[in-house]
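Below is one structure, written out as structure tokens; comments come after it.
Protein chains: 2
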Amino acid sequence: MDKKEIQEQRMRMYFINATKELLKGEGLKSISVRNIAERAGYSFGTLYNYFDDVKELIFICVEDFQDECREFIEERTKTQSQGKDKLRSIVKYYMYYFVQYPGIFELFFLERANDVGNKKPTFEMIYSFLDKLCRDEWKYLVEQGSLSKQQARLKAEITKNMVVGMLIFYLNRHNPQSFDEFSQRTEALLDEILNF
Amino acid sequence: MDKKEIQEQRMRMYFINATKELLKGEGLKSISVRNIAERAGYSFGTLYNYFDDVKELIFICVEDFQDECREFIEERTKTQSQGKDKLRSIVKYYMYYFVQYPGIFELFFLERANDVGNKKPTFEMIYSFLDKLCRDEWKYLVEQGSLSKQQARLKAEITKNMVVGMLIFYLNRHNPQSFDEFSQRTEALLDEILNF
DNA sequence: TGCATAATTGAACAATGTTAATTACTTTTG
DNA sequence: CAAAAGTAATTAACATTGTTCAATTATGCA
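Here it is, written out as structure tokens:
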């Protein structure tokens, strides 16, 4: 019964990829069962043979996008040596990734946690995502004696929350209006937080 | 034609109040044209004689809720004398207001700015709302010489964005899980920002 | 090839927002 | 006062959403 599993996994992939494409392109608004199925080349009914509901499908995409985001940042920061600058860059490119794909931002941060179930771990992953990305840098700064462990924790938490707020205002409300301005504010606020 | 206007305004009020009640109670999810109209005591079609669409109705509520929020904070902070403590309290109760009414938070910060139109000023109002609430306190601290004007601006901006991020994670993702913990994190992060 | 099992489909249902045609009511006018 | 005109309220209808399920189609095996 190995063939069954392979085929089933392949079918799931068709739908998952279609969903990912839609999320990257048009965003959450464009997501509908009929839309996804059409792009996958099947009827909307077929989707329900492989997924419980459309939410399951959507949340499967989160992990993939996290990997992609991690790579996006890695590519742009790997040459930098540990320290404040690298930390700043990681946070900056974390934000830029979501600016590039507002649909993924919606998915990560704005989708409601209505019925928890198996999605709780997914939310935990999202919540701690930036922490994981920055962990080594904060650790390095503490070991260097630049700031206390406690202060590092606080600043990491401030950053994590601030970043989401900034993205909401920029992506959802066009505030600031231009990317240049957004970029500039990002630098300024990160400088203030890392001013020690 | 004065009577007309009075009657029309009264009709609009019925729908607006019904919408406000629903938003405070069940939140954005429960908002539907048929729901609002039923609560207002009219048919869903009647709503369209007084409002272009349901979005217009919803965004009319923003101003009312802002006034209410302002009063909520005022009541709880008016005895405090100007300074850091009062500033902390204002931000804290600003957050607590939205914790009390998650539906209003959704309305203020998560509703998309799809078709701008007359809603642009509304979004501007929301964006600068906390700034206005805190303006006097920041000003006082600058005049006292506690920090520079530039620093005050940066810290105010960090706070504004952080607050939205914290509320997203707490209200939408149950992170942290309890209000006590949320409250504690709020205090800690505000202390760190106001640590000068 | 023929049968049994599995996979795929689309009709159907309940909600949703919105529009437009219809009905009810009010006011003005002859 | 009654008929006409105009305004307001209602409901039927349409498109779109997620989801279910009976019926159809395809597949695999003997």
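Chain order of the listed sequences is A and B. Numbering follows numbering that gives the first Met the number 0, in which position 157 of the first sequence is assigned residue number 156; successive positions increment by one, without gaps. Numbering follows numbering that gives the first Met the number 0, in which position 110 of the second sequence is assigned residue number 109; successive positions increment by one, without gaps. Using N, Cα and C, we set each Cβ at its ideal position, and we do this for glycine too. These numbers were taken from a predicted model, which means no experiment stands behind them.
Counting the other CB atoms within 10 Å of its CB gives residue 24 of chain A a total below 16, which places it among the exposed residues.
Scanning A:194, A:174, A:155 for the CA closest to the CA of residue 153 of chain B turns up A:194. Residues of chain B with a Cβ closer than 9 Å to the Cβ of residue 154 of chain A are, in chain order, 191. Residues of the region 156–179 of chain B with a Cβ closer than 8 Å to any Cβ of chain A, in chain order: 156, 157, 159, 160, 161, 162, 163, 164, 165, 167, 168, 171, 172, 173, 174.
Here residue 37 of chain B is exposed. Its C-beta has fewer than 16 other C-beta atoms within 10 Å. For residue 129 of chain A, the enclosing alpha helix (DSSP H) has its first and last residue at 128–142. Taking 8 Å as the cut-off, the Cβ atoms of residue 82 of chain B and residue 161 of chain A do not count as close.
Looking at B:130, B:170, B:90, B:142, the one whose alpha-carbon comes closest to that of residue 110 of chain A is B:170. Chain A has a Cβ within less than 8 Å of the Cβ of residue 109 of chain B.
Among the residues of chain A, none has a CB under 9 Å from the CB of residue 151 of chain B; the nearest is roughly 11 Å distant.
Bounds of the alpha helix (DSSP H) holding residue 63 of chain A are 53–76. Annotation for residue 86 of chain B: the continuous alpha helix (DSSP H) segment containing it runs 83–99. By the neighbour-count definition (other C-beta atoms within 10 Å, threshold 16), residue 122 of chain B is a buried residue. Counting along the chain, residue 156 of chain A sits inside the alpha helix (DSSP H) bounded by residues 148–166.
For residue 188 of chain A, the residues of chain B that pass the 9 Å Cβ criterion are 153, 156, 157, 160, in the order they occur in the chain. Apart from sequence neighbours up to five positions away, the residues of its chain that approach residue 148 of chain B with a beta-carbon distance below 8 Å are 141, ordered along the chain. Using a Cβ-Cβ cut-off of 9 Å, residue 126 of chain B is close to 168, 172, 174 of chain A, given in chain order. Rounded to whole angstroms, the separation of the alpha carbons of residue 67 of chain A and residue 87 of chain A is 19 Å.
In the DSSP assignment, residue 174 of chain A falls outside any alpha helix (DSSP H), carrying neither H nor E.
Counting along the chain, no alpha helix (DSSP H) covers residue 30 of chain B, and no H or E run does either. Counting only the Cα atoms, residue 156 of chain B lies some 33 Å from residue 29 of chain B. Only residues of its own chain outside the window of five on either side were considered, and among them 168 have a CB closer than 6 Å to the CB of residue 174 of chain A, listed in chain order.
Remark: C-beta atoms of residue 22 of chain B and residue 106 of chain B approach each other more closely than 8 Å. For the pair residue 132 of chain B and residue 93 of chain B, the CB atoms are nearer than the 8 Å cut-off. Under the Cβ criterion of 8 Å, residue 58 of chain B is not counted among the residues facing chain A.
Residue 104 of chain B is outside the set of residues whose beta carbon lies under 8 Å from a beta carbon in chain A. Approximately 7 Å separates the beta-carbon atoms of residue 56 of chain A and residue 35 of chain A; this is inside 8 Å, confirming the contact. With contacts defined by Cβ atoms closer than 8 Å, residue 5 of chain B and residue 60 of chain B do not form a contacting pair. Around the beta carbon of residue 18 of chain B, 16 or more other beta carbons lie within 10 angstroms, which makes this residue buried.
With contacts defined by Cβ atoms closer than 8 Å, residue 78 of chain B and residue 89 of chain B do not form a contacting pair. Taking the C-beta atoms as reference points, residue 13 of chain B is found nearer than 8 Å to residue 40 of chain B. Out of B:46, B:70, B:125, B:151, the CA that lies nearest to the CA of residue 188 of chain A is found in B:151. Under the three-state reduction of DSSP output, residue 8 of chain B falls in the helix class.
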